[in-house]
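For reference, the structure is listed below as structure tokens.
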Amino acid sequence: MGDFETTKEVVTPKTLIKQIIGQDTAVEKVKFAVKQRRNILLVGPPGIGKSMLAKAMSDLLSPPTVEILITDNPQNTNKPLIKIRSRGESEAEKDPVNEFGKIQTANEVPTYVSEVLGFRCITCGNTSRSKDRICPNCGEDKYRKIAQRKRASLYSDLITEVIEAFPQEPEREIHATRINKEGSEETLIYQRIQDDKIRVLDQQAINTIKEERMKLKEMVLLPLDRKTFVHATGASETELLGDVRHDPYGSHPEIGTPAYLRVVAGAIHEAHEGVLFVDELPQLGNLQAYILTAMQERKFPIVGRNPQSAGASVKVVDVPCDFLFVGACNIRELKDILPPLRSRVVGNGYEILLETTMPDNDENRFKVVQFITQEINNDSRIPHATGDAVEVIIDESVKMAEALDKTRDSLTLRLRDLGGVVRMAGDYAVHEGSDLILKKHVEKSIKESRSIEHQLKERYGSYWDALRRDETSNLQGVEGDKSYL
Ligand SMILES: Nc1ncnc2c1ncn2[C@@H]1O[C@H](COP(=O)(O)OP(=O)(O)OP(=O)(O)O)[C@@H](O)[C@H]1O
Ligand SMILES: [Mg+2]
Numbered sequence: 010m011g012d013f014e015t016t017k018e019v020v021t022p023k024t025l026i027k028q029i030i031g032q033d034t035a036v037e038k039v040k041f042a043v044k045q046r047r048n049i050l051l052v053g054p055p056g057i058g059k060s061m062l063a064k065a066m067s068d069l070l071s072p073p074t075v076e077i078l079i080t081d082n083p084q085n086t087n088k089p090l091i092k093i094r095s096r097g098e099s100e101a102e103k104d105p106v107n108e109f110g111k112i113q114t115a116n117e118v119p120t121y122v123s124e125v126l127g128f129r130c131i132t133c134g135n136t137s138r139s140k141d142r143i144c145p146n147c148g149e150d151k152y153r154k155i156a157q158r159k160r161a162s163l164y165s166d167l168i169t170e171v172i173e174a175f176p177q178e179p180e181r182e183i184h185a186t187r188i189n190k191e192g193s194e195e196t197l198i199y200q201r202i203q204d205d206k207i208r209v210l211d212q213q214a215i216n217t218i219k220e221e222r223m224k225l226k227e228m229v230l231l232p233l234d235r236k237t238f239v240h241a242t243g244a245s246e247t248e249l250l251g252d253v254r255h256d257p258y259g260s261h262p263e264i265g266t267p268a269y270l271r272v273v274a275g276a277i278h279e280a281h282e283g284v285l286f287v288d289e290l291p292q293l294g295n296l297q298a299y300i301l302t303a304m305q306e307r308k309f310p311i312v313g314r315n316p317q318s319a320g321a322s323v324k325v326v327d328v329p330c331d332f333l334f335v336g337a338c339n340i341r342e343l344k345d346i347l348p349p350l351r352s353r354v355v356g357n358g359y360e361i362l363l364e365t366t367m368p369d370n371d372e373n374r375f376k377v378v379q380f381i382t383q384e385i386n387n388d389s390r391i392p393h394a395t396g397d398a399v400e401v402i403i404d405e406s407v408k409m410a411e412a413l414d415k416t417r418d419s420l421t422l423r424l425r426d427l428g429g430v431v432r433m434a435g436d437y438a439v440h441e442g443s444d445l446i447l448k449k450h451v452e453k454s455i456k457e458s459r460s461i462e463h464q465l466k467e468r469y470g471s472y473w474d475a476l477r478r479d480e481t482s483n484l485q486g487v488e489g490d491k492s493y494l
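All residue numbers for the sequence shown refer to this note's numbering, where the first residue is 10 and numbers rise by one.
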């Protein structure tokens, strides 16, 4: 199984696609899909890597080549126009922001700012280029540390599971406030430029830029440096398809906000030149039809979706939305996918039933070791595990394959659950002040993480016995003690 004393010595792959274990067919198809621009439907139970595969797919794409702008339509302000600008054109264009503000280095701005923009390492305090994910001074993963701090902060609810699990690039821009000499509050904007400098805009600069931009009568809807992974979560129409915000002054020429500035892109547009990932696809219900249209047309209008709002009279036609589609669902829901959407995926892509187990052999056991190490590195609040501890985890993986998927001599690929065992064992180790996860920590973790059904069986003999006792105690409660009535 490879020679190692603790998982500290185990080297894990850098890229997400190589970190995926046991799903070789799916990985291969994902690579094809990127090359040939195909769509994908991933089917399988929770926690076996559907989101991970979709994210890995987006990592394989090249960065976007065009920027999408919305401009005012002088003929009809309620029908703003789309402008597409290539990278070259966009760079040649004189953006007013480039003429204002002060350029500073990471050591001249407040510590928090240089951390969030990806320059300063939270662990050792050294600054380096923002594109260096690993701190050249102490070897820590700068991006991951920031993502963890974010997760631990007040805003944790807003961070989706995917962003949490796969931290991306640091922020490109942050806004701060300060009290100026006159005693009033003003905004400061810090922008990262070219990965080694920061532009600082004070309130005055911000106001001037706003005015200059208003003169241009255009707004960037989708910037060049947008992310290539868009996770459409909710079943909300506006999130998926975009919207036009309400203006209480109805685009009044003096006091209103012009329509083109109120246009909001939907997930299908944000995914232009990237991956649109729709988890639990069947739950989108009727909205699936819109995805199908978007896939066929590769463009989709943005309209105000609230009939009561002044945005309802605004429409932008032909907004590009050329994305690779990745849908995910479990087996039971497969029948609820809109048939034409499914046939579109089949006709121009791949449907993949993910594996739930893999054969128990040396090669695959080592993959589990790699997985355990990844989970420990990703968590970074728990220590490494000894070889003994790893063996107990692997044994559990065999038992899980047998219990959950009725396959003998196999290792489970229900890896979210197995990762839970690793993390809980890590927490016990930390609690005991141990530098390593030991065998006993894993044993305790396995015992405690057994499902309720399993625990009931252990205590009452069978699930049904437990159920019966539960009922009788309830009935006793009703018949005997009536004081609560
Ligand atoms: N094949 C795999 N290789 C390596 N790690 C995996 C794999 N599958 C799952 N994991 C681990 O489990 C976590 C959860 O996986 P993921 O979110 O991709 O599951 P999912 O199939 O999308 O589940 P759900 O249906 O609940 O959304 C991942 O972040 C990763 O740590
Ligand atoms: Mg998922």
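Heads up, the beta-carbon is just placed ideally off N, CA and C, and yes, glycines get one too.
Rounded to the nearest angstrom, how far is the Cβ of residue i from that of residue j, given a contact under 8 Å?
i, j, result
"Gln28", "Leu363", "Not a contact, Cβ separation roughly 15 Å."
"Val354", "Leu50", "5 Å"
"Thr186", "Glu195", "7 Å"
"His240", "Asp205", "That belief does not hold up - the Cβ atoms of His240 and Asp205 are roughly 30 Å apart, past 8 Å."
"Gly429", "Ser458", "6 Å"
"Val253", "Val312", "7 Å"
"Ile361", "Val52", "7 Å"
"Gly435", "Ile391", "3 Å"
"Thr4", "Asp397", "A query on residue 4 cannot be resolved here, the shown segment of the chain reaching from 10 to 494 and no further."
"Asp418", "Asp371", "The Cβ separation is near 13 Å, so there is no contact."
"Val401", "Val451", "4 Å"
"Tyr437", "Lys456", "11 Å between Cβ atoms; not a contact."
"Pro54", "Glu221", "Going by Cβ atoms, the distance from Pro54 to Glu221 rounds to 54 Å, so no, they are not a contact pair."
Tell me which residue opens and which closes the alpha helix (DSSP H) that residue i is part of.
i, result
"Ile207", "Note, Ile207: premise wrong, no alpha helix (DSSP H); beta strand (DSSP E) at 206 to 210."
"Ile188", "No alpha helix (DSSP H) holds Ile188; the beta strand (DSSP E) holding it covers 182 to 188."
"Leu250", "246 to 250"
"Phe309", "Note, Phe309: premise wrong, no alpha helix (DSSP H); not H, not E."
"Ile497", "The structure shown does not extend to residue 497, since the chain is modelled only from 10 to 494, so the question has no answer here."
"Val229", "It is not in any alpha helix (DSSP H) - Val229 instead sits in the beta strand (DSSP E) that spans 227 to 231."
"Thr34", "33 to 45"
"Leu413", "396 to 414"
"Gln28", "25 to 28"
"Glu279", "276 to 279"
"Gly356", "348 to 356"
"Leu62", "59 to 68"
Give me the DSSP bridge partner(s) of residue i.
i, result
"Met8", "Given a span of 10 to 494 for the chain in the structure shown, any question on residue 8 remains unanswerable."
"Tyr121", "Per DSSP, none; premise fails for Tyr121."
"Ser95", "Val75"
"Ile361", "Leu51"
"Arg341", "Beta-bridge pairing links Arg341 to no other residue."
"Arg129", "Thr136"
"Asp150", "Ile143"
"His240", "Phe286"
"Lys324", "Val312"
"Ile112", "Arg208"
"Phe334", "Leu285"
Quick one, are the C-beta atoms of residue i and residue j less than 7 Å apart?
i, j, result
"Leu56", "Arg423", "With the sequence shown as reference, residue 56 is identified as Gly, and Leu is not the correct amino acid for it. Yes, they are a contact pair."
"Leu420", "Asn373", "yes"
"Ser99", "Thr237", "no"
"Leu25", "Ala63", "no"
"Gly283", "Phe332", "yes"
"Ala337", "Asn87", "no"
"Leu285", "Leu249", "no"
"Thr395", "Leu447", "yes"
"Cys130", "Lys111", "no"
"Val118", "Ile207", "yes"
"Asp345", "Pro310", "no"
"His393", "Thr15", "yes"
"Gly356", "Arg47", "no"
"Thr136", "Ala115", "yes"
"Leu90", "Asn82", "yes"
"Glu246", "Arg138", "no"
Mind checking which residues open and close the beta strand (DSSP E) that includes residue i?
i, result
"Arg201", "194 to 202"
"Glu178", "That residue, Glu178, is in no beta strand (DSSP E); it is neither H nor E in DSSP."
For chain C, find out if any of its Cβ atoms is closer than 7 Å to the Cβ of residue i; answer yes or no.
i, result
"Pro179", "Structure shown: chain C not included; a single protein chain is present."
- Message: Would you call the region 207 to 221 in contact with the region 270 to 282, where contact means no fewer than 3 C-beta pairs closer than 8 Å?
- Response: Touching, no, given that fewer than three Cβ pairs across the two stretches are closer than 8 Å.
- For the region 220 to 237 against the region 74 to 88, are there 3 or more C-beta pairs whose distance is under 8 Å? yes
- Message: Within 8 Å, do at least three Cβ pairs link the region 132 to 144 to the region 249 to 258?
- Response: no
- Query: Counting Cβ pairs closer than 8 Å, one from the region 315 to 333 and one from the region 364 to 384, do we hit at least three?
  - Reply: no
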